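Asker: Quick one: the structure is below, questions incoming.
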Amino acid sequence: MTAEPRNLHAKPTAPDARPVYEIERLAKTYARNSLTALTDVNLTLRKGEFVSVIGSSGCGKSTLLKIMAGLLPPTRGRVVLEGQPVLGPRPDIGMMFQQATLLPWKTTIENIVLPVEIRGGRAAAKAVTGRAHELLQLVGLGEFANVYPGELSGGMAQRAAICRMLIADPAVLLLDEPFSALDELTRDFMNMELQRICTERQATAFLVTHSIAEAVILSDRILVMQPRPGRIVEDVKIDLPRQRTLEMINTPRFGEIVAYIRNLLGREAFA
Amino acid sequence: MTDAPVPSAGDTVWVERDAFIDRIPRWLAMAVLFIVVVAIWDLVTRMGWVSPIVLPSPKETWDDLVFVGHNLLTGDYMLAAFWTTTLTVLYGFLIAAAIGFSLGVLVGETKFGERAVMPYLVAIDTMPKIAFAPLFIAWLGFDISSKVALAAFIATFAIVVATAAGLYAASENERMLFKSMGASRMQTLLRLKLPTGLPYIFTGLKIASVGVMAGAITGEFLGGGKGFGALIRQSASQMNTPRVFALILYLSLLGLALYFTIAWIQRRFVFWNKSDRPGGVG
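So the protein lines, in turn, are chains B and F.
Heads up, the first sequence is in our numbering, so the first residue is 1 and it goes up one at a time.
Heads up, the second sequence is in our numbering, so the first residue is 1001 and it goes up one at a time.
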């Protein structure tokens, strides 16, 4: 059910790429208040694809992400990552949250190797320290390896969180409104950084956001969700060329796509 | 590099001023307050408004402070009493810390502890705990152990509650992060919840350090023995009020030493918590 904004000459993004995530007939009902958070969600993420999901508060997008991450069991349906069913948290899933959540008693570098340390112990963490330094260079935090998070700015802390997400070389990146707590200038900058990192690593990424502009500038596809019950109502392909730049925000095409998605979400959804 | 701005004609530069009372430095403020209180105290006793048995003059109190201080320094019988009370307080504190911390982890980490243990703890905590003193004396006798037990009993609950609250302090995001990393329950407890809860636990230990002093002295009042509490009761029964004042002042040094030792350890361990840097006593 792929609908498109008018005048669209879409070139399908990587049509032959291998599927990474496959989700079929997914549904989630909370028994406590018999609330249907999600119903009949079907989606496939392919290798190297950047897909965003957008919707108003309470449309189930966070629930969807948590189920994909193995943090929450679904009520019905199948979630398969790299051919293996997701039955709990996995090392090949990298996650980023709205808050950087760096542990204040560990240095930046110790925070970055934490996922490896939790899974493999201190020796394993030590073995990836070199890689952690490379990642810090990649996000421009090379000099801050041995600094405590209290001394990092909000943007720097989120860049450190990017490194922590990448340290185990995950198959997929799940991003839960990662930059929504940052100021707008920093946020634009971080979005461009994220694009660069994803392109360099050919990362498969899934972003939850409620900013239409952010979703459009980053994504190959945007899934538009509506609440009660939470469901995907459209799968919009974004035909802006890669690499994306912040200047594209001022193009007519960008404006058209944003207007189209805003219309889909409906006015009452953001009231 | 730019030069610091220099005001020129027409600028509306003005200085924000604190009120006079906010500009007094701490040492001067403390000294002034001390002198005022002692002067009023001196006036009250000099004019004979209260009996010297009720309130001795500052001079008498000072003389007794010197006397008791000399006795302590020369290792006389008061030093032995002081040492007995110190041991009571230390043992009581260590026992309270061990039991309080263990119960706190049980209550804060397990549903069983929260559902079954906590209601009983709250019930006991609301009782007037000093009323248990005769029981401890009956069970453990008149030597130091009954005082240690009472001191520990009074101090334990603050640590239980603080530890449990500390374990709840980790945010939803942090818990989700640990879950997503596949951390076990023990890993989450040791690497996330306990470190996050340390500031709470130290606050509980500080409150307990006050409780343990009260417990030890109450135990010595009611159960006799060789501690400072017995000395105070003895002096009070002889209407030697200046001595009581002097003994209480020296006793307070013990409480202060315990409190600031805990604060010092906290600064070493909880270095990341900016609100608890030197200067903040709480």
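All residues carry an ideal CB built from backbone N, CA and C; glycine is no exception.
Quick caveat: nothing in here was measured; it's all calculated off a predicted structure.
Quick one: what's got a C-beta closer than 7 angstroms to A1164/F's C-beta in the same chain, skipping five residues either side?
Answerer: Counting only Cβ-Cβ distances below 7 angstroms, and skipping sequence neighbours, we find G1104, V1107, G1108.
Asker: So, at 8 angstroms on beta carbons, what are the nonlocal neighbours of G130/B in its own chain, with the 5 sequence-adjacent residues on each side left out?
Answerer: Around G130/B: no qualifying Cβ.
Asker: Indicate whether at least one CB of chain F lies closer than 7 angstroms to the CB of L71/B.
Answerer: Cβ-Cβ to chain F under 7 angstroms: yes for L71/B.
Asker: If you measure beta-carbon to beta-carbon, which residues of the region 1169-1190 of chain F are closer than 8 angstroms to chain B?
Answerer: Within the region 1169-1190 of chain F, the qualifying residues are S1171, N1173, E1174, M1176, L1177, F1178, K1179, S1180, M1181, G1182, A1183, Q1187.
Asker: Compute the Euclidean distance between the alpha carbons of V43/B and V51/B, then round it to the nearest angstrom.
Answerer: The residue you asked about is not Val; residue 43/B is Leu in the sequence shown. Using only the alpha carbons, I get a separation of about 10 angstroms.
Asker: Could you name the residues of chain B that P1199/F contacts, counting a contact when the two beta carbons are closer than 7 angstroms?
Answerer: Ordered by position in chain B, no residue passes the 7 angstroms Cβ test against P1199/F, which lies about 11 angstroms from the chain.
Asker: So is W1272/F in contact with chain B if we call contact Cβ pairs under 7 angstroms?
Answerer: For W1272/F, the answer is yes, since a Cβ of chain B falls inside 7 angstroms of its Cβ.
Asker: Would a C-beta distance cut-off of 7 angstroms place L65/B and L223/B closer than the cut-off?
Answerer: No. Outside cutoff.
Asker: Between Q226/B and V233/B, how many whole angstroms is the CB-CB distance? I'm expecting something under 8 angstroms.
Answerer: Their Cβ separation, rounded to whole angstroms, is 5 angstroms, which keeps Q226/B and V233/B in contact under 8 angstroms.
Asker: Bridge partners of D1011/F, per DSSP?
Answerer: BP columns for D1011/F are empty, so no partner.
Asker: Taking 7 angstroms as the threshold (C-beta atoms), are T1074/F and L1254/F in contact?
Answerer: It is not a contact, given that the beta carbons lie outside the stated cut-off.
Asker: For P170/B, which residues from the same chain have a beta carbon less than 6 angstroms from its beta carbon, with the 5 sequence-adjacent residues on both sides left out?
Answerer: Taken in chain order, the residues that qualify are D92, I93, G94.
Asker: Given a cut-off of 7 angstroms on the beta-carbon distance, is the pair T1110/F and F1245/F in contact?
Answerer: Contact: no.
Asker: Taking 8 angstroms as the limit between beta carbons, can you name the residues of its chain near I23/B, skipping five residues before and five after?
Answerer: Same-chain partners within the cutoff: V41, N42, L43, T44, M68, G77, R78, V79, V80.
Asker: Please report how far the alpha carbon of R196/B lies from the alpha carbon of R46/B, in whole angstroms.
Answerer: Straight-line Cα distance between these residues: approximately 18 angstroms.
Asker: For R32/B, does the count of other Cβ atoms within 10 angstroms reach 16, so buried, or fall short, so exposed?
Answerer: It is exposed - the Cβ of R32/B has fewer than 16 other Cβ atoms within 10 Å.
Asker: With respect to the beta strand (DSSP E) encompassing M225/B, which residues constitute its N-terminal and C-terminal limits?
Answerer: 221-226 is the extent of the beta strand (DSSP E) around M225/B.
Asker: Rounded to whole angstroms, what's the CA-CA distance from N1273/F to G1197/F? Just pull it up for me.
Answerer: Rounded to whole angstroms, N1273/F to G1197/F spans 11 angstroms at the Cα level.
Asker: What did DSSP end up calling S1275/F once you bin it into helix, strand or coil?
Answerer: Note that S1275/F scores 49 on pLDDT, short of 50, meaning its location in the model is unreliable; the coordinates nonetheless yield the value given after this. Three-state DSSP puts S1275/F in a helix.
Asker: Using a beta-carbon distance below 7 angstroms, is W1264/F in contact with chain B?
Answerer: False, the Cβ-Cβ gap to chain B never drops below 7 angstroms.
Asker: Output yes or no for whether 7 angstroms exceeds the beta carbon distance between P1285/F and P1056/F.
Answerer: The structure shown does not extend to residue 1285/F, since chain F is modelled only from 1001 to 1282, so the question has no answer here.
Asker: So which residues on chain B does P1242/F lean against when the C-beta distance must stay under 7 angstroms?
Answerer: Neighbours of P1242/F on chain B: none; closest Cβ ~50 angstroms, over 7 angstroms.
Asker: Apart from the five residues just before and just after R6/B, which ones in its own chain have a Cβ nearer than 7 angstroms to its Cβ?
Answerer: Reliability of the predicted coordinates at R6/B is poor, the pLDDT of 47 falling under 50, and no value is obtained from them.
Asker: Check whether the Cβ of D1011/F lies closer than 7 angstroms to any Cβ atom in chain B.
Answerer: By this cut-off, D1011/F is not an interface position.
Asker: Name the DSSP bridge partner or partners of P85/B?
Answerer: Answer is V80/B, bridged to P85/B.
Asker: Run the proximity test for E214/B: is its beta-carbon closer than 6 angstroms to any non-hydrogen atom belonging to the ligand ZN?
Answerer: Ligands displayed in this structure: none; no statement on the ligand ZN is therefore possible.
Asker: How big is the Cα-Cα spacing for G1092/F and Y1259/F?
Answerer: About 14 angstroms.
Asker: Please name the residue, chosen from V1037/F, A1004/F, V1054/F, V1006/F, that lies closest to M1239/F on a Cα-to-Cα basis.
Answerer: Nearest option by C-alpha distance: V1054/F.
Asker: Measuring alpha carbon to alpha carbon, tell me which of F1221/F, K1206/F, R1026/F ends up nearest I1130/F.
Answerer: The shortest Cα separation from I1130/F among F1221/F, K1206/F, R1026/F belongs to F1221/F.
Asker: For a minimum of 4 consecutive residues, which ranges assigned as the alpha helix (DSSP H) are wholly contained in the region 159-235 of chain B?
Answerer: Listed in chain order, they are 184-201, 212-218.
Asker: Pull the bridge partners of K237/B from the DSSP assignment, please.
Answerer: According to DSSP, which records beta bridges pairwise, K237/B is partnered with R221/B.
Asker: Would A1019/F be called buried (16 or more neighbouring beta carbons within 10 Å of its own) or exposed?
Answerer: It is exposed - the Cβ of A1019/F has fewer than 16 other Cβ atoms within 10 Å.
Asker: Check for me: the alpha helix (DSSP H) holding K66/B runs from which residue to which?
Answerer: Note, K66/B: alpha helix (DSSP H), 61-68.
Asker: Within 10 angstroms of its Cβ, does P149/B collect 16 or more other Cβ (buried), or is it exposed?
Answerer: The residue is buried, with at least 16 neighbouring Cβ atoms inside 10 Å.
Asker: Please name the residues in the region 77-103 of chain B whose beta-carbon is closer than 8 angstroms to at least one beta-carbon of chain F, in chain order.
Answerer: From the region 77-103 of chain B, only G88, P89, R90, P91, I93, M95, F97, Q98, Q99, T101, L103 have a Cβ closer than 8 angstroms to chain F.
Asker: Go ahead and pull the three-state DSSP assignment for M96/B.
Answerer: Three-state result, M96/B: strand.
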